[in-house]
Amino acid sequence: MTFFGITPRERYADVFEQISDFASRFAKDHIFPDGNKRTAVKMALAILAMHGWNVRADDAEEPERNELYQWVQSIVTGRCDAGELAAFLRGHAVRLED
4 MTFFGITPRE
14 RYADVFEQIS
24 DFASRFAKDH
34 IFPDGNKRTA
44 VKMALAILAM
54 HGWNVRADDA
64 EEPERNELYQ
74 WVQSIVTGRC
84 DAGELAAFLR
94 GHAVRLED
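Each residue of the sequence shown is one higher than the one before, counting from 4 in the working numbering.
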């Protein structure tokens, strides 16, 4: 399937880059009145799982120790971009067992 004449394989180096672009746009563009950041995180993790990846990151209750909270906040506030998020996800991903 192509979008604007470009396939996802041509546009993105890997699934992490594609998911990072999606999650960044979703979290920042405020599609819903509330819950955009939570939805972006859940959807990113779910889509990666569909592609056989699990992201191992600290999901602590305290925001300052919660890596998932920190990455979505960094995207929304502009402290990191989709490329940096892709690197984070790639670095914390492990293949799911069949």
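From the three backbone atoms N, C-alpha and C, an ideal C-beta is built for every residue, glycine too.
Going by beta-carbon coordinates alone, are residue i and residue j separated by less than 8 Å?
i, j, result
"S23", "A96", "no"
"L51", "V18", "yes"
With 16 other CB atoms within 10 Å as the buried threshold, where does residue i fall?
i, result
"I78", "buried"
"K40", "buried"
"F29", "buried"
Just how far apart, CA to CA, sit residue i and residue j?
i, j, result
"R14", "S27", "16 Å"
"P66", "Q76", "10 Å"
"E100", "L48", "16 Å"
"G81", "E87", "11 Å"
"L92", "K31", "18 Å"
"E20", "H54", "13 Å"
Per DSSP, residue i is paired with what?
i, result
"A96", "V58"
"I78", "In the DSSP output, where bridge partners are listed per residue, I78 has none listed."
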